[in-house]
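K.L.:
Once you know that position 192 of the sequence shown is 212 in the working numbering, the rest is easy, because the numbers rise by one and skip nothing.
Think of the CB as a built atom: it goes at the ideal place given N, C-alpha and C, for glycine as much as any other residue.
Let me give you the structure first, and then I'll get to my questions.
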Amino acid sequence: MKNVFGRRSFLTSAAGLAGASFWADETIEAYQQNVRTASKPSELKITDVRMAVINIGGGLIRLDTNQGIYGIGENRDGATRNYVMELKRLVVGENPCSVDKIFRKIKQFGFHARQGGGVSGMEMALWDLAGKAYGVPVYQMLGGKYRDRIRIYCDTPESDDPKVFAERVKRRKEEGFTWFKADVGAPMLADIPGTMSYPAGADIGIYRPQQGQGGGRGGPFGGGFGMARNLPVEHMFTGLELTDKGIGIMSDYLGKVRAEIGYDVPLSTDHFGHFGINSAIRLGKAFEKFNLAWMEDIIPWQRTELLKKITDSIDVPTCTGEDIYLKEGFINLAQNHAVDILHPDIATSGGILETHKIGDAIQEYGVPMAMHMANSPVSAFASVHVAAATENFLVLENHSVDVPTWGDIVKGVEKPIINKGFIKVPETPGLGFEIDEDAIKKMLREPGYFEPTPQWDNKERINDRLWS
């Protein structure tokens with residue numbers, strides 16, 4: 021494309037500034053190196069929204085423009101592409117550099133958990149485009165960075181044998197990871213009599229994976245005790261309570277893990293299953309001796325007063341947040357000191373700027389921010405930019421360290437992406453990577469590589485305003 025904003029035309033357009041003699045050649049060169057000059061960023065327009073659904077995460081999003089550059093974002097894992105595509109009518113024709121304006125336009129169409137994926141993924145792609153248009157990395161547009169490398173923690177596939185699981189966690193330590201996480205919940209008690217009490221025949225959401233299928237997180241190791249399935253009722257309404265025997269078995273399991281990896285590294289625990297408040301408190305008290313970094317999502321995040329009751333009753337840090345959309349829910353929890361750590365997922369929370377705002381807001385109440393991430397490298401790098409630019413950040417999750425092809429879909433970044441437990445913050449424009457077309461095509465879960473989407477061109481007259 022012809023460069024219509026080169027040095028000569030720039031000087032011509034600046035003639036109204038009493039001549040351009042004060043523009044040194046070095047200044048003009050610096051300007052052209054940092055701003056894409058195929059056309060003015062002020063004339064950039066979104067022309068299409070396209071997706072490629074791969075076997076990791078919830079689907080890649082591509083925003084095309086009238087200048088040949090595009091932005092990449094990602095839908096939340098487990099979310100439908102409809103959450104993304106229903107927003108097309110609201111963003112086509114907009115200048116993607118107006119990130120906040122567009123976000124405020126589309127955010128009413130997101131919600132908690134997976135329903136936040138469309139808005140959040142679209143927002144990631146907007147930042148990628150804005151960074152490319154102006155030639156700067158996203159973290160710089162958020163105010164600069166506090167750190168050059170982002171600490172990663174990862175889940176480890178479960179095993180019925182605590183010694184086997186402890187060896188797997190020890191292997192993570194040898195790989196360079198400095199923060200660990202374990203799934204120690206009610207599902208591990210499913211086949212052991214006398215460990216849980218609940219109404220006979222009730223569906224308490226516990227399943228056993230088939231042999232070789234792996235635990236609730238999957239992985240190449242096989243075995244495992246699975247995770248609690250999603251239930252139509254919250255934890256407190258299942259009638260499930262843990263017995264002393266059940267709590268003792270879970271404690272013994274965690275103790276063997278601690279004995280293997282030592283007490284000099286943080287160890288967090290994940291979802292526990294759907295049991296009542298008093299069982300959660302008793303379990304937390306039993307876990308106090310293991311010096312945990314946090315107990316995560318003990319009950320649903322919406323139950324502020326009940327979370328505070330648990331937090332105030334145990335001497336183990338509590339954590340929640342991966343299902344919260346927008347900053348208000350996080351601020352409420354922080355104001356009430358209902359949990360000790362908040363844990364947004366950038367693909368649900370509202371995207372890059374909203375997550376940065378979350379970190380800043382909860383810092384005012386003395387609450388640190390960890391980050392959940394169970395998607396592809398696209399969401400990972402979007403999270404990395406936020407983590408780099410947010411002072412009270414602790415650690416970022418990754419669910420795919422055992423998937424050798426996980427990093428293949430991006431190029432132009434340091435490989436392996438996770439190097440000795442850290443991801444290096446990119447210094448190139450936007451999110452800092454290029455996509456690898458061949459790798460993405462090999463990983464498609466649904467047919468179609470960023471195909472045009474005319475079926476989502478909505479020409480109906482719709483009034484989206486929430487007030488009269």
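Tell me whether Asn23 sits in a helix, a strand or coil according to DSSP, three-state version.
P.N.:
Annotation note: pLDDT 43 at Asn23 (below 50); position unreliable, coordinate value reported separately. In this structure, Asn23 counts as coil in the three-state DSSP scheme.
K.L.:
Quick one: residues in its chain with C-beta nearer than 6 Å to the C-beta of Asn412, no 5 flanking neighbours on either side, listed in chain order?
P.N.:
So the qualifying residues of the chain are Gly379, Gln383, Pro388 and Met389.
K.L.:
What residue does the alpha helix (DSSP H) around Ala202 start on, and which one ends it?
P.N.:
Ala202 -> not in any alpha helix (DSSP H); beta strand (DSSP E) instead, spanning Phe200 to Ala202.
K.L.:
Unbroken alpha helix (DSSP H) runs of length 4 or more, entirely within the region 333-378: which are they?
P.N.:
Whole alpha helix (DSSP H) segments, 4+ residues: 347-355 and 366-369.
K.L.:
Within the region 139-193, note down every full beta strand (DSSP E) run reaching 3 residues or more, in order along the chain.
P.N.:
Within the region 139-193, the complete beta strand (DSSP E) runs of at least 3 residues are 169-174.
K.L.:
Quick one: Cα of Glu49 to Cα of Gly163, how far?
P.N.:
Because Glu49 carries a pLDDT of 49, less than 50, the predicted location of this residue cannot be relied on, and no value is offered for it.
K.L.:
Kindly indicate which three-state DSSP category Val69 falls into: helix, strand or coil?
P.N.:
If DSSP states are grouped into helix, strand and coil, Val69 belongs with the strands.
K.L.:
Quick one: measure Cβ to Cβ for Ile81 and Met161, integer angstroms, because I've assumed they're closer than 8 Å.
P.N.:
Ile81 to Met161, Cβ: 19 Å. No contact.
K.L.:
Leaving out five residues on either side along the sequence, give the residues of the same chain with a beta carbon under 7 Å from the beta carbon of Pro474.
P.N.:
Nothing meets the Cβ criterion.
K.L.:
Could you compute how far the alpha carbon of Tyr469 sits from the alpha carbon of Met71?
P.N.:
Straight-line Cα distance between these residues: approximately 7 Å.
K.L.:
Since Asn508 contacts Lys65 with CB under 8 Å, what's their CB separation in whole angstroms?
P.N.:
In the structure as shown, the chain begins at 21 and stops at 488. Residue 508 is therefore absent and cannot be evaluated.
K.L.:
Under three-state DSSP, which class holds Gln231?
P.N.:
No answer about Gln231 holds up, because its pLDDT of 38 lies below 50 and its placement is not dependable.
K.L.:
Quick check: the region 337-349 against the region 121-140, are there 3 or more CB pairs under 8 Å?
P.N.:
In short, these stretches touch, since the Cβ pair count reaches three.
K.L.:
Provide the residue span of the alpha helix (DSSP H) that contains Asp458, from first to last.
P.N.:
From DSSP, the alpha helix (DSSP H) with Asp458 extends over Glu457 to Lys462.
K.L.:
For the alpha helix (DSSP H) containing Ala99, name the first residue and the last one.
P.N.:
Where Ala99 is concerned, there is no enclosing alpha helix (DSSP H), given that its DSSP letter is neither H nor E.
K.L.:
If you reduce the DSSP assignment to three classes, tell me which class Ile269 lands in.
P.N.:
Reduced to three states, the DSSP call for Ile269 is helix.
K.L.:
Do the region 139-159 and the region 369-376 make contact, defined as three or more Cβ pairs closer than 8 Å?
P.N.:
Result yes; three or more Cβ-Cβ pairs closer than 8 Å.
K.L.:
When you compare only the Cα positions, how much space is there between Asn298 and Lys152?
P.N.:
Cα-Cα distance, rounded: 52 Å.
K.L.:
Is the CB-CB distance between Val433 and Pro449 below 8 Å?
P.N.:
No; because the gap between Cβ atoms is not below 8 Å, this pair is not in contact.
K.L.:
Quickly, what does DSSP pair His392 with across the bridge? List them, please.
P.N.:
Beta-bridge pairing links His392 to Asp365.
K.L.:
What does the Cβ neighbour count give for Val189, buried or exposed, with the cut at 16 atoms within 10 Å?
P.N.:
Answer is buried; the Cβ neighbour count reaches 16.
K.L.:
Can you tell me whether Asp181 is buried or exposed? The criterion is at least 16 other CB atoms within 10 Å of its CB, across all chains shown.
P.N.:
By the 10 Å Cβ count, Asp181 comes out exposed.
K.L.:
According to DSSP, simplified to helix, strand and coil, what is Asn382?
P.N.:
The displayed chain sequence assigns Ile, not Asn, to residue 382. If DSSP states are grouped into helix, strand and coil, Ile382 belongs with the helices.
K.L.:
Can you give the beta carbon distance from Glu254 to Ser217, rounded, assuming they're within the 8 Å contact cut?
P.N.:
About 18 Å separates the two Cβ atoms, so there is no contact after all.
K.L.:
When burial is assigned at 16 or more other CB atoms within 10 Å of the CB, is Asn395 buried or exposed?
P.N.:
Flag for Asn395 reads buried.
K.L.:
In whole angstroms, what separates the C-alpha of Thr425 from that of Ile455?
P.N.:
Spanning the two alpha carbons is a distance of roughly 14 Å.
K.L.:
Would you report the Cα separation of Val398 and Asn95, rounded to the nearest angstrom?
P.N.:
Going from the Cα of Val398 to the Cα of Asn95 covers about 10 Å.
K.L.:
Roughly how many angstroms lie between the CA atoms of Asp149 and Val158, to the nearest whole one?
P.N.:
Going by the sequence as given, residue 149 is Leu instead of Asp. One C-alpha to the other measures close to 10 Å.
K.L.:
Go to Leu209, then tell me how far its beta strand (DSSP E) extends in each direction, as first and last residue.
P.N.:
Premise fails: Leu209 is in no beta strand (DSSP E) and is neither H nor E.
K.L.:
Nearest to Gly91 by alpha carbon, out of Val111, Gly98, Tyr103 and Glu106?
P.N.:
For Gly91, the nearest C-alpha among the options comes from Val111.
K.L.:
DSSP three-state label for Asp477, please.
P.N.:
In the structure shown, Asp477 sits in coil (DSSP, three-state: anything other than H, G, I, E or B).
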